[in-house]
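Visitor:
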Amino acid sequence: MRVLFIFLDGIGLGVNDPATNPFARAKMPNLNALLDGRSLLKESAPFDGERATLLAVDPSVGVNGLPQSATGQAMLLTGKNISAELGYHYGPKPNPEVAAYLNDGTLFSRFAKAGKKTALLNAYPPRYFDGIDSGKRLYSSIPLAVTNAGLPLFRHDDLFAGRALSADFTGEGWRTMLGFPDSPMMEPHHAGRKLASLAKEYDFSLFEYWASDYAGHKQQMETAVGLMETFDGVLGGLVEEMKDERGKRAGELLVLATSDHGNMEDLSTRKHTSAHVPALVIGDKSVREEFTRDMKDITHIAPAIWNAVEKP
Ligand SMILES: [Zn+2]
Numbered sequence: 238m239r240v241l242f243i244f245l246d247g248i249g250l251g252v253n254d255p256a257t258n259p260f261a262r263a264k265m266p267n268l269n270a271l272l273d274g275r276s277l278l279k280e281s282a283p284f285d286g287e288r289a290t291l292l293a294v295d296p297s298v299g300v301n302g303l304p305q306s307a308t309g310q311a312m313l314l315t316g317k318n319i320s321a322e323l324g325y326h327y328g329p330k331p332n333p334e335v336a337a338y339l340n341d342g343t344l345f346s347r348f349a350k351a352g353k354k355t356a357l358l359n360a361y362p363p364r365y366f367d368g369i370d371s372g373k374r375l376y377s378s379i380p381l382a383v384t385n386a387g388l389p390l391f392r393h394d395d396l397f398a399g400r401a402l403s404a405d406f407t408g409e410g411w412r413t414m415l416g417f418p419d420s421p422m423m424e425p426h427h428a429g430r431k432l433a434s435l436a437k438e439y440d441f442s443l444f445e446y447w448a449s450d451y452a453g454h455k456q457q458m459e460t461a462v463g464l465m466e467t468f469d470g471v472l473g474g475l476v477e478e479m480k481d482e483r484g485k486r487a488g489e490l491l492v493l494a495t496s497d498h499g500n501m502e503d504l505s506t507r508k509h510t511s512a513h514v515p516a517l518v519i520g521d522k523s524v525r526e527e528f529t530r531d532m533k534d535i536t537h538i539a540p541a542i543w544n545a546v547e548k549p
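Numbering-wise, the working numbering comes out as the position in the sequence shown, counting from 1, plus 237.
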């Protein structure tokens, strides 16, 4: 089984209040269709339908304080209760203690060692590598795990060649913010199809979406609603591309969208929240059943992915 992990930074399951929660406002028809009319809200989970499962997963893992990105992402990638072992949540970028967990035993390193094809599907711009090389920028947990596993990060030429996707899905940011006026642009639906077709080339692939956490910290309701409506378009294309391959073993794909902590679902605060995060799983019903069994907190996600990819 191939697994695509869509990592959505800073998205929790919040209350159904349009004053504070963009998920109570955003028009997300593709998500609603997957969830039999439900939205990405606390009241919607747990749900198990024909096409998708939605669970509420605990990112706090029994540790006081608000969950943070470095430990949260490291726990998603390793399945280890790092916050409990260290006694704190930490972020946004990993400190040496958190980074030590990302040398080995991550999904990327384990799959690479097992001879599985694996990749982070984001394309990074030249200024990102300049920042890393000059020491001005630290890797966040996910790219750190990727590079520690000996895997390359995709670059602008990979984006232009269609081997990787822009972090905003559509590529607009490469034109407006990164100085690549001729970079490829895609409608969200097309980006979703592209994401699924890229994922079919790998045993395990991950796409990292961080704009959601940023919008949460900035408390930008309109931006947040727009981001999620774009994401809904992506979901539509993704599901369509998955459907085309239904029944064909080589095309079998399980998609998981989840997060490291809440934030954007409650714009009454600039901080992260203690909300449970969604685990939205799309794919074959029997595979979903096994995949989501005992999925209670974010340390249960990496073992579930490991088992699913190991299945012939
Ligand atoms: Zn954050």
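Built from N, CA and C at the ideal position, the CB exists for glycine as well.
The structure presented is a predicted model; accordingly, all values stated were derived computationally and were not measured.
1) Return the first residue and the last residue of the alpha helix (DSSP H) that residue 451 is part of.
2) Expressed to the nearest angstrom, what Euclidean distance is found between the alpha-carbon atoms of residue 347 and residue 296?
3) Here's a check: name, in chain order, each residue in its chain whose Cβ is nearer than 6 angstroms to the Cβ of residue 421, leaving out the five neighbours to either side.
4) Please list the segments of the beta strand (DSSP E) lying wholly inside the region 327-357, counting only runs of 3 or more residues, in order along the chain.
5) With 16 as the cutoff for other CB atoms within 10 Å, does residue 530 come out buried or exposed?
6) If you compare alpha carbons, which of 304, 247, 259 is closest to residue 461?
7) Please report how far the alpha carbon of residue 252 lies from the alpha carbon of residue 368, in whole angstroms.
8) Take residue 436 and list the residues in its own chain whose beta-carbon comes closer than 7 angstroms to its own, dropping the five residues that flank it on each side.
9) My output table needs one value for residue 407: the three-state DSSP class, helix, strand or coil.
10) Measure the alpha-carbon distance for residue 486 versus residue 363 and round it to whole angstroms.
11) Leaving out the 5 sequence neighbours to the left and right, which residues in its chain are closer than 7 angstroms to residue 473 when beta-carbon positions are compared?
12) Can you tell me which of the three DSSP states residue 360 falls into?
13) Quick one: what does DSSP say residue 506 is sitting in, helix, strand or coil?
14) Just to confirm, are residue 292 and residue 496 a CB contact at a threshold of 9 angstroms?
15) Please write down, chain order preserved, every residue whose beta carbon lies under 6 angstroms from a heavy atom of ligand 1.
16) May I ask you to report which of helix, strand or coil DSSP gives residue 248?
17) Given a threshold of 16 other Cβ atoms within 10 Å of its Cβ, counted over all protein chains shown, does residue 399 qualify as buried or as exposed?
18) Would residue 453 be called buried (16 or more neighbouring beta carbons within 10 Å of its own) or exposed?
19) Buried or exposed: which applies to residue 523, given that a residue is buried once 16 or more other Cβ atoms fall within 10 Å of its Cβ?
20) Nearest to residue 411 by alpha carbon, out of 433, 431, 365?
21) Name the one or two DSSP bridge partners that residue 445 has.
22) Can you have a look at residue 337 and say buried or exposed, based on whether 16 or more other CB atoms are within 10 angstroms of its CB?
23) Identify the continuous beta strand (DSSP E) that holds residue 518 and give its terminal residues.
24) Run through the DSSP bridge pairs and tell me what residue 495 is partnered with.
25) Rounded to whole angstroms, what's the CA-CA distance from residue 484 to residue 521? Just pull it up for me.
26) Taking 8 angstroms as the threshold, find out whether the region 385-403 comes into contact with the region 352-363 through three or more Cβ pairs.
27) Is it a yes or a no for the region 304-316 touching the region 493-508, going by three-plus beta-carbon pairs under 8 angstroms?
28) Check for me: the alpha helix (DSSP H) holding residue 382 runs from which residue to which?
29) I'd like to check one pair, residue 303 with residue 511: are the Cβ atoms closer than 9 angstroms?
30) For the putative contact between residue 476 and residue 271, defined by C-beta atoms under 8 angstroms, what is the C-beta separation to the nearest angstrom?
31) Is residue 529 helix, strand or coil by DSSP?
Guide: The short version:
1) The count along the sequence shown starts at 1 and reaches residue 451 at position 214. From DSSP, the alpha helix (DSSP H) with residue 451 extends over 448-455.
2) Within the sequence shown, numbered from 1, the residue matching residue 347 stands at position 110. Within the sequence shown, numbered from 1, the residue matching residue 296 stands at position 59. The alpha-carbon atoms of residue 347 and residue 296 are separated by roughly 23 angstroms.
3) Along the sequence shown, one-based indexing puts residue 421 at 184. Same-chain partners within the cutoff: 408.
4) DSSP assignment within the region 327-357 yields the following whole beta strand (DSSP E) runs of 3 residues or more, N-terminal first: 355-357.
5) Residue mapping note: residue 530 aligns to position 293 of the sequence shown, counting from 1. The residue is exposed, with fewer than 16 neighbouring Cβ atoms inside 10 Å.
6) Position 224 of the sequence shown, counted from the start, is the residue given in the question as residue 461. Closest option to residue 461, Cα to Cα, is 259.
7) Taking the sequence shown and counting its residues from 1, the one referred to as residue 252 is at position 15. Taking the sequence shown and counting its residues from 1, the one referred to as residue 368 is at position 131. Approximately 38 angstroms, taken between the alpha carbons.
8) Locating residue 436 in the sequence shown gives position 199, counting from the first residue. Taken in chain order, the residues that qualify are 239, 241, 442, 490.
9) Indexing the sequence shown from 1 puts residue 407 at position 170. In the structure shown, the three-state DSSP call for residue 407 is coil.
10) Taking the first residue of the sequence shown as position 1, residue 486 is located at position 249. Taking the first residue of the sequence shown as position 1, residue 363 is located at position 126. For residue 486, the predicted model reports a pLDDT of 42, less than 50, meaning its position is unreliable; a value from the coordinates is still stated below. Near 38 angstroms, if we compare the C-alpha coordinates of residue 363 and residue 486.
11) The residue labelled residue 473 in the question sits at position 236 within the sequence shown. These residues qualify, in order along the chain: 267, 426, 429.
12) In the sequence shown, counting from the first residue as 1, residue 360 sits at position 123. Residue state, collapsed to three classes: strand.
13) Sequence index remark: in the sequence shown, residue 506 carries index 269 (1-based). Here residue 506 sits in coil by DSSP.
14) What you label residue 292 is simply residue 55 of the sequence shown in a count that begins at 1. What you label residue 496 is simply residue 259 of the sequence shown in a count that begins at 1. Cβ atoms of residue 292 and residue 496: not closer than 9 angstroms.
15) 247, 306, 329, 450, 454, 500, 509
16) Residue mapping note: residue 248 aligns to position 11 of the sequence shown, counting from 1. Reduced to three states, the DSSP call for residue 248 is coil.
17) Numbered from 1 along the sequence shown, position 162 holds the residue referred to as residue 399. With fewer than 16 Cβ atoms within 10 Å of its Cβ, residue 399 is classed as exposed.
18) Counting from 1 along the sequence shown, the entry for residue 453 is found at position 216. Buried, since its Cβ has 16 or more Cβ neighbours within 10 Å.
19) Taking the first residue of the sequence shown as position 1, residue 523 is located at position 286. Classification of residue 523: exposed, given that the 10 Å Cβ count is below 16.
20) The residue given as residue 411 occupies position 174 in the sequence shown. When each option's Cα is compared against that of residue 411, the closest is 365.
21) Sequence index remark: in the sequence shown, residue 445 carries index 208 (1-based). Per DSSP, 244.
22) In the sequence shown, the residue the question calls residue 337 occupies position 100. Classification of residue 337: exposed, given that the 10 Å Cβ count is below 16.
23) Counting from one through the sequence shown, the residue named residue 518 turns up at place 281. Start and end: 514-519.
24) Numbered from 1 along the sequence shown, position 258 holds the residue referred to as residue 495. BP columns for residue 495 point to 244.
25) Here the question's residue 484 lines up with position 247 in the sequence shown. Here the question's residue 521 lines up with position 284 in the sequence shown. Residue placement at residue 484 cannot be trusted, given a pLDDT of 49 that sits under 50; what the coordinates show is reported in the next sentence. The straight-line gap from Cα to Cα measures roughly 10 angstroms.
26) yes
27) yes
28) As a working note, residue 382 is residue 145 in the sequence shown. Counting along the chain, the alpha helix (DSSP H) containing residue 382 begins and ends at 378-385.
29) For the purposes of this step, residue 511 is identified with residue 274 of the sequence shown, where counting begins at 1. For the purposes of this step, residue 303 is identified with residue 66 of the sequence shown, where counting begins at 1. Closer than 9 angstroms, so yes.
30) Walking along the sequence shown from the start, residue 476 turns up at place 239. Walking along the sequence shown from the start, residue 271 turns up at place 34. Their Cβ separation, rounded to whole angstroms, is 7 angstroms, which keeps residue 476 and residue 271 in contact under 8 angstroms.
31) One-based indexing of the sequence shown puts residue 529 at position 292. Residue 529: helix per DSSP, three-state reduction.
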